[in-house]
C-alpha cells in the first residue's frame, strides 16, 4: 500500500500497484528514492537505467520506474532491468499522461526520506545517489537543483545547467525561473507530501510545462529553502537540434505564463511574483508585442480558463 503519511494527496496522486524486484520487500530504512518517469523510449531507457548499476555508495536507496502510458516495449525493458538489480526497485504504470501525474505515482510508493527525480534521457553520475544524500544531510534545505551537462555536443545547448557555483534560495522567496529542472532535482519526501505532490496539469506530456518550477514554488511558499548543488550531476542526452528549439521554448513560455497565474492565485508572495512576471513580460516586449510575449500571456489566460472550468481546482 502507499505510505500512510500521504493523507492529503493531490487529487491526481495515484498509487497503482508496483511490480517489485526480489529486494524490494525486505528493504528498510531507505534514505534515497530515485524516480524515473518514461514513455515510449524503450531503447533510450536502457542507456539511462544502466547508469544506476554504477552507483558507488553505501547509502540505502531504491529505484522506481514509472511507465507513463507507453505503447512500445518500455514496460518490458523496465521489468527486465530491475529483475537482477542489486538494490530495491519496482516498476509502476501510470496511464495519465504527463510528468506531474507520473511522478505522483512514484511518490505514492517511494519510501526514502529524500526523493530524487531524473528523466529517461539522462545519465546519472556514478556518485549521484551519494551526493544527493550528502547534500540533504549537510544543508537545511527541502529541495535541490542539480547540475545538468549536455551529453551530445551536437545537440542544442538547452535544458542544461552547467554552473559549478552553489546557490541558495531562502524559504518564502520566489524560486527564480530555470533554477530547477526536472532532469535533475530532489526534494525531502515530507515537503512533497505536505504540498500534495505535483500538479498534473504541469509537465511534459501535460497541458503546461513547468511542474518542476511550480512545485518548488509551493515548497518555498510553505517554508522550504532550496539549493543549487553542482556536485549532483547528470548528463542530458535530449537529442534536440537547433530547429527543435522554437517549439520547445513556446511550450516553456506558455507554461511560464500558466505558472505565474497559478502562483498569483495561491501563493503568499504575490508582489514578488508580480515583479517576476512584469520583468519577464518586459524582457519579451520591445516596441510591439513579440511572439514570446504573447505566449506568456496565452499561458496566463489558459490557466485561468482551466481553473474556472467546473471540477478543476
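Residue numbers (the numbering used here): -3 to 309. Cβ atoms here follow ideal geometry from the backbone N, Cα and C, with glycine treated the same way. A quick note: this is a predicted structure, and the numbers were derived from the prediction, not measured.
Report the CB separation of residue i from residue j in whole angstroms; it is logged as a contact under 8 Å.
i, j, result
"residue 64", "residue 201", "7 Å"
"residue 253", "residue 293", "6 Å"
"residue 58", "residue 109", "About 12 Å; that fails the 8 Å criterion."
"residue 243", "residue 136", "Residue 243 to residue 136, Cβ: 40 Å. No contact."
"residue 67", "residue 36", "6 Å"
"residue 121", "residue 55", "Actually they do not touch by this definition, with Cβ atoms about 14 Å apart."
"residue 142", "residue 180", "4 Å"
"residue 61", "residue 83", "Rounded, the Cβ-Cβ distance is 12 Å, inconsistent with contact."
"residue 20", "residue 101", "No, residue 20 and residue 101 are not in contact; Cβ-Cβ is about 16 Å, not under 8 Å."
Can the beta-carbon of residue i be found less than 9 Å from the beta-carbon of residue j?
i, j, result
"residue 131", "residue 232", "no"
"residue 103", "residue 139", "no"
"residue 127", "residue 207", "no"
"residue 372", "residue 53", "As displayed, the chain neither begins before -3 nor continues past 309, which places residue 372 out of reach and without an answer."
"residue 124", "residue 42", "no"
"residue 99", "residue 194", "yes"
"residue 17", "residue 78", "yes"
"residue 255", "residue 209", "yes"
"residue 81", "residue 48", "yes"
"residue 73", "residue 38", "yes"
"residue 223", "residue 162", "yes"
"residue 178", "residue 199", "yes"
"residue 238", "residue 152", "yes"
Taking the straight line between their C-alpha atoms, what separation do you get for residue i and residue j?
i, j, result
"residue 106", "residue 23", "12 Å"
"residue 266", "residue 274", "12 Å"
"residue 159", "residue 247", "24 Å"
"residue 262", "residue 214", "9 Å"
"residue 302", "residue 211", "18 Å"
"residue 290", "residue 157", "26 Å"
"residue 304", "residue 51", "46 Å"
"residue 258", "residue 241", "26 Å"
"residue 295", "residue 264", "21 Å"
"residue 276", "residue 249", "10 Å"
"residue 288", "residue 245", "8 Å"
"residue 185", "residue 300", "29 Å"
"residue 40", "residue 70", "9 Å"
"residue 134", "residue 30", "19 Å"
"residue 76", "residue 297", "44 Å"
"residue 279", "residue 228", "31 Å"
"residue 283", "residue 190", "For residue 283, the predicted model reports a pLDDT of 46, less than 50, meaning its position is unreliable; a value from the coordinates is still stated below. Taking the straight line from one Cα to the other gives about 44 Å."
Taking only three categories from DSSP, how would you classify residue i?
i, result
"residue 180", "strand"
"residue 81", "coil"
"residue 231", "strand"
"residue 20", "coil"
"residue 63", "strand"
"residue 161", "coil"
"residue 54", "coil"
"residue 250", "helix"
"residue 297", "helix"
"residue 134", "helix"
"residue 226", "strand"
"residue 115", "strand"
"residue 142", "strand"
"residue 154", "coil"
"residue 197", "coil"
"residue 289", "helix"
"residue 187", "helix"
"residue 30", "strand"
"residue 110", "strand"
"residue 72", "helix"
"residue 87", "strand"
"residue 204", "strand"
"residue 36", "coil"
"residue 125", "helix"
"residue 120", "strand"
Open item on the list: Check whether the stretch 163 to 175 and the stretch 143 to 150 touch, using three or more Cβ-Cβ pairs below 8 Å as the test.
Closed with: no
Task: the stretch 117 to 124 / the stretch 77 to 96 touching (three or more Cβ pairs under 8 Å) - done: no
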